[in-house]
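**Q** My questions will all concern the structure given below.
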Amino acid sequence: MAGDLKNVTDASFDEDVLKSDKPVLVDFWAAWCGPCRQIAPSLVAISEEYGDQIEIVKLNIDENPETAAKYGVMSIPTLNVYKGGEVAKTIVGAKPKAAILRDLADFIEVPTA
1 MAGDLKNVTD
11 ASFDEDVLKS
21 DKPVLVDFWA
31 AWCGPCRQIA
41 PSLVAISEEY
51 GDQIEIVKLN
61 IDENPETAAK
71 YGVMSIPTLN
81 VYKGGEVAKT
91 IVGAKPKAAI
101 LRDLADFIEV
111 PTA
């Protein structure tokens, strides 16, 4: 699953996320987390549909504890949207794709059907 989205690390976080020109949604996750696996297909679909407006990446908290600690990630999945190097939005917990899209409305243009 994770192969479909770019993985970022403690070492690459500044370059991949904080210095990005467009908003970046970081999925803080772990391999043992069921709800993380639940939302993964939705995040891949959102990335495919809205990748020109927002980048979606994954950060494994077990392998990259520094970044998770720095941003106070206490429960997963936590989705942080970074814009201009700052946390612009935090979404905690597994949600259906439609709810995630509503949460991202400030960052992407979602066609209203």
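Residues in the sequence shown are numbered consecutively from 1, following the UniProt record's numbering. Positions of the beta carbon are idealized from the N, C-alpha and C atoms, including for glycine.
Can you look up Ile108 in the DSSP assignment and give me helix, strand or coil?
**A** DSSP places Ile108 in coil when its eight states are reduced to three.
**Q** So, do the region 64–82 and the region 30–38 have three or more beta carbon pairs nearer to each other than 8 angstroms?
**A** Contact between the region 64–82 and the region 30–38 is present, because at least three Cβ pairs lie under 8 angstroms.
**Q** Measure the CB-CB distance between Ile39 and Leu5 and report whether it falls below 8 angstroms.
**A** No. Outside cutoff.
**Q** Could you round the C-beta distance between Lys58 and Asp14 to whole angstroms and report it? I think they count as a contact, below 8 angstroms.
**A** Actually they are not in contact, since the Cβ atoms of Lys58 and Asp14 sit about 17 angstroms apart, beyond 8 angstroms.
**Q** The beta strand (DSSP E) with Thr78 in it runs from where to where?
**A** Unbroken beta strand (DSSP E) run through Thr78: 78–83.
**Q** Is Ile108 closer than 8 angstroms to Tyr50 when the C-beta atoms are compared?
**A** In this structure, Ile108 lies closer than 8 angstroms to Tyr50 by Cβ.
**Q** Confirm, please, whether the CB-CB distance from Pro23 to Ala88 is below 8 angstroms.
**A** Yes. Within cutoff.
**Q** Could you round the C-beta distance between Asp10 and Asn64 to whole angstroms and report it? I think they count as a contact, below 8 angstroms.
**A** Sure, about 4 angstroms apart at Cβ, within 8 angstroms.
**Q** When you compare only the Cα positions, how much space is there between Arg102 and Pro111?
**A** The alpha-carbon atoms of Arg102 and Pro111 are separated by roughly 11 angstroms.
**Q** Excluding sequence positions up to five away, which residues of its chain have a Cβ less than 6 angstroms from the Cβ of Thr90?
**A** Cβ neighbours of Thr90 beyond the five flanking positions: Asn80.
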